[in-house]
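Structure first, commentary second.
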Amino acid sequence: GVDISGLTREQARVKLITEIVQPKSRTLLVNFRGRRIPISPRSVGYTAAVSRAITGAYNVGRSQPAGPKDIALTERVDRRRLTRVLQAKTGRYRVAPRDVRVAYSGGKVRVIRSRPGIDLRLAVAMKRVEAAVLNGRRDGALNLPQRRVRADVPTVPTQIFVDRGRYKLLLVRSRGIVTFPIAVGQTAYPTPSGRFSVVNMQRNPTWIPPDSRWAAGLGPVPPGVGNPLGTRWIGISSPGIGIHGTPSPWSIGSRASHGCIRMYIRDAERLYSMVSVGIPVTIV
């Protein structure tokens with residue numbers, strides 16, 4: 148403690164500030180990811196209730212004059228300000244996680260791998276800095292802890308790419324890429340391009356003629372040999388468009404459909420077993 152017996156209030160105030168407050172108001176150095184960062188105790192709201200402590204000491208001295216008495220000096224750090232300062236000071240050194248990205252160009256799939264981020268372990272860092280400010284120690288830089296932040300999408304999500312010009316469908320998964328030959332829409336009935344998703348799936352579907360001139364006069368075709376959809380249907384979010392098998396295997400590798408993506412029946416069955424509703428479908 149600091150002995151203020153026999154001192155006036157002003158003398159006691161100067162002594163407490165000189166011996167306690169000023170040393171604790173010196174800049175604190177912290178270390179985060181190898182970078183030394185200065186932190187001013189004033190910037191994190193360090194305060195000491197000097198006047199209150201002096202008043203308490205004088206009141207106790209008058210009521211209990213015999214022997215020395217210990218009066219606590221209330222000191223505090225503003226935790227909200229400390230949070231803001233730590234986040235601001237370490238912001239440029241933190242690393243945001245990066246999700247895996249998949250792109251398709253020139254007939255090839257390009258995968259940009261995910262990367263974990265590095266962040267400040269804020270709660271632990273706050274305790275360490277607060278303790279260092281209040282105990283006044285300035286012997287070297289204080290290490291701030293860090294933590295790894297996992298990417299939201301760390302692995303390749305299952306998705307489909309359809310390359311109309313190359314007549315191929317690529318199923319991209321975390322375990323690799325599977326390529327299938329396909330047929331696409333005729334010039335008069337082009338397969339749409341864009342980003343879609345799988346919205347429905349059917350085994351042994353019934354073909355229902357669309358409301359289109361080319362289907363006028365045609366009736367539904369039940370499951371079985373000769374069904375235009377083969378044995379599997381994978382509908383996407385473009386109305387009336389889907390991926391399906393075909394009873395006309397010679398059409399694969401050409402512009403033959405009315406907009407859908409045709410596959411060999413065995414390939415459509417295999418693809419069906421590897422996908423689910425909701426996965427992205429990109430058609431280029």
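Using the working numbering, the letters of the sequence shown map in sequence onto residues 148 to 431. Glycine included, every Cβ here is placed at the ideal spot set by N, Cα and C.
Practice task
Please say whether residue 429 and residue 327 have beta carbons closer to each other than 8 Å?
Solution key: On the sequence shown, position 180 is the one that residue 327 refers to. On the sequence shown, position 282 is the one that residue 429 refers to. No; because the gap between Cβ atoms is not below 8 Å, this pair is not in contact.
Exercise for the section: Note down the Cα distance separating residue 283 from residue 297, rounded to an integer number of angstroms. Expected result: Your numbering for residue 283 matches position 136 in the sequence shown. Your numbering for residue 297 matches position 150 in the sequence shown. If you draw a straight line from the Cα of residue 283 to the Cα of residue 297, it comes to about 36 Å.
Exercise for the section: Quick one: residues in its chain with C-beta nearer than 8 Å to the C-beta of residue 411, no 5 flanking neighbours on either side, listed in chain order? Expected result: Taking the sequence shown and counting its residues from 1, one reaches residue 411 at position 264. Result list for residue 411: 327, 328, 392, 393, 396, 399, in chain order.
Problem - Closest Cα partner of residue 225 within the set 389, 278, 238 - result: Stepping through the sequence shown from its first residue, residue 225 is reached at position 78. Checked all of 389, 278, 238; the closest Cα to residue 225 is 278.
Exercise for the section: Give me the Cα-Cα distance between residue 348 and residue 382, rounded to the nearest whole angstrom. Expected result: For the purposes of this step, residue 348 is identified with residue 201 of the sequence shown, where counting begins at 1. For the purposes of this step, residue 382 is identified with residue 235 of the sequence shown, where counting begins at 1. Rounded to whole angstroms, residue 348 to residue 382 spans 6 Å at the Cα level.
Practice task
Report yes if the CB atom of residue 354 is closer than 8 Å to the CB atom of residue 374, and no otherwise.
Solution key: The residue given as residue 354 occupies position 207 in the sequence shown. The residue given as residue 374 occupies position 227 in the sequence shown. A contact, by the Cβ cut-off of 8 Å.
Exercise for the section: Have a look at residue 166 and residue 159 and give me their C-alpha separation to the nearest angstrom. Expected result: Translated into the one-based positions of the sequence shown, residue 166 becomes position 19. Translated into the one-based positions of the sequence shown, residue 159 becomes position 12. Residue 166 and residue 159: Cα-Cα distance of roughly 10 Å.
Handout entry: Beta-ladder partner(s) of residue 316, from DSSP
Key = If you number the sequence shown from 1, residue 316 lands on position 169. Per DSSP, 309, 327.
Problem - Rounded Cβ spacing between residue 385 and residue 339 (contact assumed at less than 8 Å) - result: Translated into positions along the sequence shown, residue 385 becomes position 238. Translated into positions along the sequence shown, residue 339 becomes position 192. Indeed they touch by this definition, with Cβ atoms about 5 Å apart.
Problem - Close-in-space but distant-in-sequence residues of the same chain around residue 242 (CB under 7 Å, 5 per side omitted) - result: For the purposes of this step, residue 242 is taken as residue 95 along the sequence shown, with counting starting at 1. Only 264, 265 meet the Cβ criterion.
Practice task
Would you decide whether residue 292 is buried or exposed? Buried here means 16 or more other CB atoms lie within 10 Å of its CB.
Solution key: To locate residue 292, count along the sequence shown from 1; it is residue 145. Taking every protein chain shown into account, the CB of residue 292 has fewer than 16 other CB atoms within 10 angstroms, so this residue is exposed.
Exercise for the section: May I ask you to report which of helix, strand or coil DSSP gives residue 302? Expected result: Mapped onto the sequence shown, residue 302 falls at position 155. In the structure shown, residue 302 falls within a coil segment according to DSSP collapsed to helix, strand and coil.
Handout entry: residue 158 - containing alpha helix (DSSP H), residue span
Key = Here residue 158 is taken as the residue at index 11 of the sequence shown, counted from 1. Element bounds for residue 158: 156–163.
Handout entry: Sheet register partners of residue 293 (DSSP bridge)
Key = Here residue 293 refers to the residue found at position 146 of the sequence shown. DSSP lists 267 as partners of residue 293.
Practice task
Assess, as a yes-or-no matter, whether the segment 310–322 is touched by the segment 190–209 under the definition of 3 or more beta carbon pairs within less than 8 Å.
Solution key: Judged by Cβ distances under 8 Å, the segment 190–209 makes no contact with the segment 310–322, as fewer than three pairs qualify.
Exercise for the section: Pull up the distance between the alpha-carbon of residue 408 and that of residue 380, whole angstroms please. Expected result: Within the sequence shown, the letter at position 261 stands for residue 408. Within the sequence shown, the letter at position 233 stands for residue 380. Each residue's Cα considered, the two are about 10 Å apart.
Exercise for the section: Let me know if residue 259 comes out buried or exposed under the rule of 16 or more other beta-carbons within 10 Å of its beta-carbon. Expected result: In the sequence shown, counting from the first residue as 1, residue 259 sits at position 112. Exposed is the call here.
Problem - 6 Å Cβ shell around residue 193 - same chain, five flanking residues per side excluded - result: To locate residue 193, count along the sequence shown from 1; it is residue 46. Exclusion of the five residues before and after residue 193 leaves 224, 280 as the residues of its chain whose Cβ lies within less than 6 Å of its Cβ.
Problem - Residues that DSSP places opposite residue 255 in a beta bridge - result: On the sequence shown, residue 255 is found 108 positions in, with the first residue counted as 1. Partner(s): 252.
Practice task
Could you tell me whether the Cβ atoms of residue 403 and residue 335 are closer together than 8 Å?
Solution key: Start at 1 with the first residue of the sequence shown, and residue 403 comes out as number 256. Start at 1 with the first residue of the sequence shown, and residue 335 comes out as number 188. Residue 403 is not a Cβ neighbour of residue 335, given a cutoff of 8 Å.
Exercise for the section: Tell me residue 389's beta-bridge partners as DSSP assigns them. Expected result: Reading the sequence shown from its first residue, position 242 is the one you call residue 389. 382, per the DSSP bridge assignment.
Practice task
Answer with buried or exposed for residue 271, where buried requires no fewer than 16 other C-beta atoms within 10 angstroms of its C-beta.
Solution key: Here residue 271 refers to the residue found at position 124 of the sequence shown. So residue 271 ends up on the exposed side.
Exercise for the section: Give me the Cβ distance between residue 256 and residue 345, rounded to the nearest whole Å; I'm assuming they're in contact under 8 Å. Expected result: As a position in the sequence shown, residue 256 is number 109, starting the count at 1. As a position in the sequence shown, residue 345 is number 198, starting the count at 1. With a Cβ gap of about 18 Å, residue 256 and residue 345 do not count as contacting.
Exercise for the section: Using the DSSP secondary-structure output, state which residues sit across from residue 342 in a beta bridge. Expected result: Residue mapping note: residue 342 aligns to position 195 of the sequence shown, counting from 1. 429, per the DSSP bridge assignment.
Practice task
In the DSSP assignment, find the unbroken beta strand (DSSP E) run with residue 182 in it and report its ends.
Solution key: Position 35 of the sequence shown, counting from 1, holds the residue named residue 182. Residue range 182–186 is occupied by the beta strand (DSSP E) that includes residue 182.
Practice task
Would you give the residue range spanned by the alpha helix (DSSP H) that residue 404 belongs to?
Solution key: Residue mapping note: residue 404 aligns to position 257 of the sequence shown, counting from 1. Residue 404 -> not in any alpha helix (DSSP H); beta strand (DSSP E) instead, spanning 402–404.
Problem - Reduced DSSP category for residue 349 - H, G, I as helix; E, B as strand; rest coil - result: Taking the sequence shown and counting its residues from 1, the one referred to as residue 349 is at position 202. The answer is strand: DSSP assigns residue 349 an E or B state.
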